[in-house]
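Just add 4 to wherever you are in the sequence shown, counting from 1, and you've got my numbering. We treat Cβ as the ideally placed atom computed from N, Cα and C, and that holds for glycine. Please read all numbers here as calculations on a predicted model, not as lab measurements.
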Amino acid sequence: MADKYDVIVIGAGPGGMTAALYASRANLKVAMLDRGVYGGQMNNTAEVENYTGFKSILGPDLAEQMYQSAIQFGADFVYGNVEKVTVDEDGIKHVKTDSGELEAPAIVIATGSQYRKLGIPGEDEYSGKGVSYCAVCDGAFYRGKDVTTVGGGDSAVEESEYLAKLVNNVNIVHRRDQLRAQKILQDRAFSNDKINFTWNTIVTEIVGDGKKVTGVKTHNKETNEDRLVPTDGVFIYIGNVPMTEPFKALGITDEQGWVITDDEMKTSVPGVFAVGDVRDKKLRQITTAVGDGGIAGQGVFSYIESLKD
């Protein structure tokens with residue numbers, strides 16, 4: 005027998021937790037489902053400086069405070085990895101997980117995104133042996149060493165600044181001739197004498213001695229120069245891909261897999277909402293995910309009420 009709810013929130017990042025808060029506060033029976041620790045990528049963020057109400061707060065601390073808010077009105081936190089979501093002829097959503105099945109007339113997809121890989125030789129081989137996608141998780145292993153960051157957006161620059169507090173030197177390799185990060189982040193990086201930049205360059209291979217990373221091979225797109233650059237670690241920040249595989253059969257994603265919604269977080273399937281980084285949107289931040297979650301949580305209540313009518 006499936007566990008029955010009014011709404012199942014799939015994902016417990018900032019968007020999912022906010023949706024669960026709003027829906028449970030409206031006296032709905034809510035399941036907040038996640039395959040891991042609540043908080044999502046906030047748990048991998050050293051300091052959050054752009055969330056209103058806090059000058060600065062550690063990502064895991066913000067995650068904990070959001071979680072306590074999310075469950076205060078009775079939302080259940082359920083562990084499980086979603087394998088498939090279907091909708092029956094009565095509009096009931098069936099969520100199959102590796103630990104059982106849940107069903108509800110409404111769901112909120114808040115599964116977020118995961119790190120995009122370079123897809124080059126050595127990346128998978130040395131994952132966890134010098135290749136990382138999380139400076140907060142792994143930066144301490146490189147104290148006093150030299151590391152390479154790949155990317156030019158907010159994450160690449162923020163994480164490089166964090167690494168600079170621990171390591172000897174950070175080399176940011178970027179395929180363009182200027183960063184895409186916010187100006188305040190750029191200014192900090194440019195003024196940090198432990199951070200340097202390699203422009204118009206791509207990493208073509210990650211090399212090592214079989215046990216750990218020892219360097220990267222690079223190609224300069226302007227000069228066509230190929231180099232072997234010694235490094236002790238490679239931190240990759242080149243964007244994200246949506247975690248939407250279980251929902252593609254619903255026909256609510258675009259060609260890249262991002263969920264398409266309207267301004268009310270509704271998808272093309274009645275009773276299916278989506279929030280946060282999983283959506284097709286321009287700005288993916290904690291603040292925007294929280295906003296999405298509030299809209300979806302209220303939208304779920306209105307949807308459930310419309311079914312009674």
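Pairwise C-beta distances place the region 36 to 43 in contact with the region 78 to 94, as three or more of them are shorter than 8 Å. P234 carries a strand assignment under DSSP once its states are collapsed to helix, strand and coil. Note that the C-beta distance between A16 and Y42 is below 8 Å.
Shown here for A139: same chain residues with a beta carbon closer than 7 Å to its own, the five before and five after excluded, namely E163, Y166, L167 and F239 in chain order. Around G19, the same chain offers A114, V279, G280, A293, V294, D296 and G297 as residues with beta carbons nearer than 7 Å, after the five sequence neighbours per side are excluded.
Boundaries around I14 are those of the beta strand (DSSP E), V11 to I14, since no alpha helix (DSSP H) includes it. Taking 3 residues as the minimum length, the beta strand (DSSP E) runs contained wholly in the region 124 to 162 are 150 to 154, in order along the chain.
Counted as a single uninterrupted DSSP element, the stretch harbouring M70 is not any beta strand (DSSP E) but the alpha helix (DSSP H) occupying residues G63 to I75. In its chain, beyond the 5 residues on either side, N54, Y55 and T56 have a beta carbon closer than 8 Å to the beta carbon of T291. With fewer than 16 other CB atoms across the displayed protein chains lying within 10 angstroms of its CB, F194 is exposed. Boundaries cannot be given for S60, as no beta strand (DSSP E) includes it and DSSP labels it neither H nor E. Boundaries for A300: no beta strand (DSSP E) harbours it, while the alpha helix (DSSP H) harbouring it runs I290 to K312, taken from the DSSP string. When DSSP states are grouped into helix, strand and coil, S272 belongs to the coil group.
In this structure, F277 and V112 form a Cβ contact; the two beta carbons are roughly 5 Å apart against a cut-off of 8 Å. Under the DSSP assignment, M5 falls outside any beta strand (DSSP E); it carries neither an H nor an E label. With contacts defined as CB atoms closer than 8 Å, A79 and S28 qualify as a contacting pair. Close CB contacts of N200 within its chain, under the 8 Å cut and outside five residues either way in sequence, are with N173, V174, N175 and I176 (chain order).
Within the DSSP bridge table, the entry for K97 names V91 and A108 as partners.
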